[in-house]
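Numbering (the numbering used here), first residue to last: 1340 to 1586. A short write-up of the structure that comes next.
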Ligand code: NAP
């Protein structure tokens, strides 16, 4: 890969590993200058930036806990200073702990809503002021919302909120030529999905889609790249399920 052009700027939240890391790699390959956001994993984020820069891309690592409005504001300010005004926002940062609703603690409820919902809200609110006209916003939902499996009540509730943000915000940005869409992945082989599961549980998920495998981060990165690029200009306010046909 040899990247020579970096005309448009993208922020990818939660990009230090997993799906977010794959998205930054793909967007950099497509010619974007990318801000690799993370909350805690600075070594991983720095390694991604070093790799992208070695390939000729413009990339920076930006620490910000998306659940904190002031940190999100600083994330935009740093990105604008170092890379330029933002064209694409990918709201990828998210957490999942599968726990039955009756056993969910107040702390877990707060953490899941703070990062998944407030985090997305914070970056969207700031995007309304800061995104270039003609920009793109891509939020991460989840196919678990369609599956209604036990243990996913709180997580699914956060993703339902994100889908609502997506559809309403697309309309609120009327006149700016900015599209707002969401991608709802099925099971993807990342630590968010794999951690805490037995091999048997993982295989059960892998057999669910008719394509008979787990998704890989690149399966989602390519969908995000489509929604971030010129070919998706007429797709707006939509939820795109990328899940191998599981639901
Ligand atoms: P992952 O491997 O656990 O990565 C999560 C990323 O989010 C990490 O880079 C983490 O960085 C970052 N993050 C966590 N809290 C943050 C915060 N407060 N502020 C900023 N960054 C934060 O997860 P993933 O599987 O790639 O998931 C990415 C997105 O896809 C999530 O929204 C998830 O809900 C969605 N999704 C995943 C699957 C799946 O099967 N994997 C399926 C459907 C949807 P730090 O370590 O620095 O905190």
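Note that beta-carbon positions come from the ideal geometry of N, C-alpha and C, so glycine has one too.
Proximity to residue i [Cα-Cα], best of the options
{"i": "residue 1416", "options": "1431, 1399, 1430 and 1432", "result": "1399"}
{"i": "residue 1560", "options": "1356, 1352 and 1365", "result": "1365"}
{"i": "residue 1371", "options": "1575, 1564 and 1578", "result": "1564"}
{"i": "residue 1581", "options": "1412, 1568, 1550 and 1570", "result": "1550"}
{"i": "residue 1548", "options": "1527, 1394 and 1502", "result": "1527"}
{"i": "residue 1490", "options": "1443, 1352, 1402 and 1513", "result": "1443"}
{"i": "residue 1504", "options": "1586, 1374 and 1463", "result": "1463"}
{"i": "residue 1383", "options": "1394, 1369 and 1361", "result": "1361"}
{"i": "residue 1358", "options": "1488, 1429, 1571 and 1510", "result": "1429"}
{"i": "residue 1380", "options": "1529, 1401, 1393 and 1539", "result": "1401"}
{"i": "residue 1435", "options": "1425, 1427, 1448 and 1441", "result": "1448"}
Closer than 7 Å: residue i CB and nearest the ligand NAP heavy atom
{"i": "residue 1503", "result": "no"}
{"i": "residue 1479", "result": "yes"}
{"i": "residue 1524", "result": "yes"}
{"i": "residue 1409", "result": "no"}
{"i": "residue 1380", "result": "yes"}
{"i": "residue 1476", "result": "no"}
{"i": "residue 1565", "result": "no"}
{"i": "residue 1532", "result": "yes"}
{"i": "residue 1451", "result": "no"}
{"i": "residue 1443", "result": "no"}
{"i": "residue 1561", "result": "no"}
{"i": "residue 1429", "result": "no"}
Counted within 10 angstroms of its Cβ, other Cβ atoms place residue i as buried (16 or more) or exposed
{"i": "residue 1341", "result": "Because residue 1341 sits at a pLDDT of 43, beneath the cut-off of 50, its placement in the model cannot be relied upon, and the following sentence gives the value as read from the coordinates. So residue 1341 counts as exposed."}
{"i": "residue 1535", "result": "exposed"}
{"i": "residue 1355", "result": "buried"}
{"i": "residue 1507", "result": "exposed"}
{"i": "residue 1524", "result": "buried"}
{"i": "residue 1583", "result": "buried"}
{"i": "residue 1465", "result": "buried"}
{"i": "residue 1537", "result": "exposed"}
{"i": "residue 1479", "result": "buried"}
{"i": "residue 1600", "result": "Since the first and last residues shown for the chain are 1340 and 1586, residue 1600 lies out of range."}
{"i": "residue 1347", "result": "buried"}
{"i": "residue 1344", "result": "Because the pLDDT at residue 1344 is just 45, under 50, the model does not fix this residue reliably, and the value given afterwards should be weighed accordingly. Flag for residue 1344 reads exposed."}
Local conformation of residue i per DSSP, three classes
{"i": "residue 1577", "result": "coil"}
{"i": "residue 1569", "result": "helix"}
{"i": "residue 1466", "result": "helix"}
{"i": "residue 1531", "result": "helix"}
{"i": "residue 1368", "result": "helix"}
{"i": "residue 1458", "result": "helix"}
{"i": "residue 1554", "result": "strand"}
{"i": "residue 1356", "result": "coil"}
{"i": "residue 1437", "result": "coil"}
{"i": "residue 1444", "result": "coil"}
Bounding residues of the beta strand (DSSP E) (the contiguous stretch that carries residue i)
{"i": "residue 1518", "result": "1518-1524"}
{"i": "residue 1371", "result": "1371-1377"}
{"i": "residue 1587", "result": "As shown, the chain starts at 1340 and ends at 1586. That puts residue 1587 outside it, with no answer to give."}
{"i": "residue 1401", "result": "1398-1402"}
{"i": "residue 1348", "result": "1347-1351"}
{"i": "residue 1495", "result": "Looking at the DSSP string, residue 1495 is not in any beta strand (DSSP E); the run it does join, the alpha helix (DSSP H), is 1492-1511."}
{"i": "residue 1479", "result": "1475-1479"}
Run of the alpha helix (DSSP H) containing residue i, from where it starts to where it stops
{"i": "residue 1586", "result": "Premise fails: residue 1586 is in no alpha helix (DSSP H) and is neither H nor E."}
{"i": "residue 1484", "result": "1483-1486"}
{"i": "residue 1386", "result": "1381-1393"}
{"i": "residue 1544", "result": "1538-1546"}
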